[in-house]
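Below is one structure, written out as structure tokens, with a few remarks after it.
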Amino acid sequence: MGDIGFPELLVILVIALVLFGGGRLPEVGKSLGQAIREFKKGVRDATSGLEEKADEPKKAEKA
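Residue 1 is where the sequence shown starts when you use our numbering, and the numbers rise one by one after that.
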């Protein structure tokens, strides 16, 4: 699972081209890229926040 090869990628591209058309495809790609970037940033921020909370008791023990 998660192993996407060239034929699968080609089918996805053809479907996207049919659905959105050639003119809107770059716009859709840009929007999708921004959404993925924001999602990754949110996950990174949440993970670092959880790690900081997990480290707080350790810091209190050292003081």
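Positions of the beta carbon are idealized from the N, C-alpha and C atoms, including for glycine.
Taking the Cβ atoms as the reference, Val28 lies roughly 5 Å from Phe20, within the contact range of under 8 Å.
In the displayed model, Ile15 falls within a helix according to three-state DSSP. Here Ile4 carries a coil assignment [DSSP, helix/strand/coil].
At the C-beta level, Leu25 and Ala16 come within 8 Å of one another. Rounded to whole angstroms, the gap between the alpha carbons of Asp55 and Arg44 is 17 Å.
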